[in-house]
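Report on the following structure.
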Amino acid sequence: MKTYQLVGIGNAVVDVISTCDDDFLEMMDIEKGIMQLIERDRAELLYASMENRIQAPGGSVANTIAGAGALGLDAAFIGRVHDDRLGHFYADAMNEDGVDFVNPPVPDGELPTSRSMIFVSPDGERSMNTYLGISSELSSADVPSEVAGNAQIMFLEGYLFDKDKGKTAFLEAARDCRNGGGKTGIAISDPFCVERHRADFLLLIEHELDFVIGNEAEIKSLFETDDLEQALRRTAAICPLVVCTRSGDGVTVLHDGIRIDVPVEKVVPVDATGAGDQFAAGFLFGMATGRDMETCARIGNVCAREVISHIGPRPDTNVLELLREEGLV
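Here this note's numbering is used: the first residue of the sequence shown is 5, the next is one more, and so on.
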């Protein structure tokens with residue numbers, strides 16, 4: 005069985021991206037800057053309202069895996085798509101990006117392929133309206149134990165906890181990976197996801213995972229505090245590696261009792277979509293290739309900076325070349 009340097013498991017979502025102004029967001033009752041789950045009828049309405057649509061394979065962890073694959077990692081993604089037009093688009097696009105899409109589209113699937121309508125306002129903020137569709141039905145049957153068991157690193161998406169069968173698949177994959185000698189970690193996903201599953205997340209982090217990657221709001225939400233330093237200390241007390249992105253204030257890494265703060269080069273974003281996902285791609289690339297924690301964070305920062313310089317959640321240029329220019333590879 006093939007051994008992968010990085011395997012992701014998460015929602016397989018087709019991103020449909022369009023620009024708009026704030027008046028449009030207000031008219032369509034779209035809450036700016038956050039991800040909202042929507043039903044099928046609302047998804048069709050918003051899709052029809054979009055102008056100059058860009059379509060791309062997405063999903064938070066899928067974006068991370070694609071970014072890491074573009075850097076040269078041997079990577080795979082586990083997700084669920086329907087045997088429909090968007091499902092085949094998604095599977096083909098992942099494979100074309102150099103990532104093995106492990107699961108073939110499901111014939112007679114119970115729901116359509118998932119999609120997220122993303123509206124980018126002039127300040128670069130993205131307002132995401134996600135119809136989860138078939139990806140939320142992912143279960144243990146979709147997770148080949150031989151793939152999870154042969155992963156060097158497995159990265160798991162917190163949104164999967166929204167359904168019990170996704171949670172079960174998540175736990176089984178993590179255990180298969182660790183039993184095979186690999187390391188497992190989680191993308192916390194968003195503060196609202198933490199609010200829904202706080203107790204489960206904390207148990208998972210303490211007993212099943214080797215690392216956590218999240219932003220400032222997500223880390224604080226784990227312990228229901230506005231004090232980031234307290235939240236970092238408490239997370240580090242139950243997990244050997246905690247990585248917290250703090251937007252323009254840089255990145256904090258807590259690893260086996262050692263703290264590393266890495267600054268970022270501040271730039272004005274064209275589109276913030278995928279910044280956290282691509283930071284994770286760079287950080288995990290560094291981990292998989294044996295870099296120290298500071299270098300991992302610096303690689304992540306370059307990947308995030310590249311993706312916010314253009315529309316879309318995945319790299320648009322040769323990021324390896326950017327890393328070479330900065331002496332990171």
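C-beta: ideal position from N, C-alpha, C; glycine also.
Is residue i near residue j, with beta carbons less than 9 Å apart?
| i | j | result |
| --- | --- | --- |
| I138 | G91 | yes |
| P244 | F215 | yes |
| Q9 | Q234 | no |
| S118 | S125 | no |
| G1 | I303 | Residue 1 is absent from the structure shown; the chain starts at 5 and stops at 333. |
| V255 | I312 | no |
| E212 | T188 | yes |
| A97 | A285 | no |
| I69 | A80 | yes |
| G83 | G102 | no |
| S193 | T172 | no |
| F165 | D204 | yes |
| V85 | I13 | no |
| A276 | G128 | yes |
| D27 | I122 | no |
| R349 | E220 | Lying outside 5 to 333, the shown extent of the chain, residue 349 is not represented and no answer is given. |
| A177 | G218 | no |
| A301 | V247 | yes |
| V110 | D87 | yes |
What are the boundary residues of the beta strand (DSSP E) that residue i is part of?
| i | result |
| --- | --- |
| I69 | Here I69 belongs to no beta strand (DSSP E); instead the alpha helix (DSSP H) covers 64 to 74. |
| T249 | 245 to 249 |
| T134 | 130 to 135 |
| N219 | 215 to 219 |
| L41 | 39 to 41 |
Based on the DSSP output, what are the partners of residue i in its beta bridges?
| i | result |
| --- | --- |
| E161 | A191 |
| S22 | F123 |
| F340 | Here the chain covers residues 5 to 333 and nothing more, so residue 340 does not appear. |
| D265 | T256 |
| A155 | Y8 |
| H86 | V110 |
| I315 | In the DSSP output, where bridge partners are listed per residue, I315 has none listed. |
| I58 | I21 |
How many Å lie between residue i and residue j at the Cα?
| i | j | result |
| --- | --- | --- |
| P108 | N15 | 14 Å |
| P317 | D281 | 8 Å |
| L206 | L226 | 7 Å |
| D78 | S149 | 18 Å |
| E330 | R179 | 37 Å |
| K270 | V306 | 11 Å |
| V151 | G185 | 13 Å |
| C24 | G252 | 24 Å |
| L41 | R263 | 36 Å |
| D168 | G76 | 34 Å |
| V266 | R200 | 31 Å |
| E161 | R309 | 22 Å |
| A240 | L258 | 6 Å |
| Y51 | L115 | 17 Å |
| I34 | E48 | 14 Å |
| I242 | E210 | 5 Å |
| M39 | N183 | 34 Å |
| D296 | F159 | 19 Å |
| E222 | L175 | 21 Å |
| N154 | E325 | 29 Å |
| E141 | G170 | 7 Å |
| K36 | Y94 | 26 Å |
| E55 | N133 | 15 Å |
| A279 | G113 | 32 Å |
| L136 | S120 | 8 Å |
| R328 | K6 | 29 Å |
| V272 | F283 | 16 Å |
| R237 | D230 | 13 Å |
| H314 | Y163 | 26 Å |
| L29 | N99 | 34 Å |
| L232 | V198 | 15 Å |
| D45 | M32 | 14 Å |
| P195 | R89 | 32 Å |
From which residue to which residue does the alpha helix (DSSP H) around residue i run?
| i | result |
| --- | --- |
| A292 | 279 to 292 |
| V333 | Unbroken run through V333: none, as it is neither H nor E. |
| R119 | R119 -> not in any alpha helix (DSSP H); beta strand (DSSP E) instead, spanning 118 to 124. |
| T299 | 297 to 311 |
| M98 | 89 to 100 |
| T239 | 232 to 240 |
| G252 | Here G252 belongs to no alpha helix (DSSP H), and DSSP marks it neither H nor E. |
| N183 | 168 to 183 |
| A52 | 44 to 53 |
Under the criterion of a Cβ to heavy atom distance below 8 Å, does residue i qualify as lining the ligand HEM?
| i | result |
| --- | --- |
| G186 | Looking at this structure, you won't find the ligand HEM or any other ligand, since it has none at all. |
Is the shortest distance between the beta-carbon of residue i and the beta-carbons of chain D less than 9 Å?
| i | result |
| --- | --- |
| I303 | Note that chain D does not occur in the displayed structure, where there is just one protein chain. |
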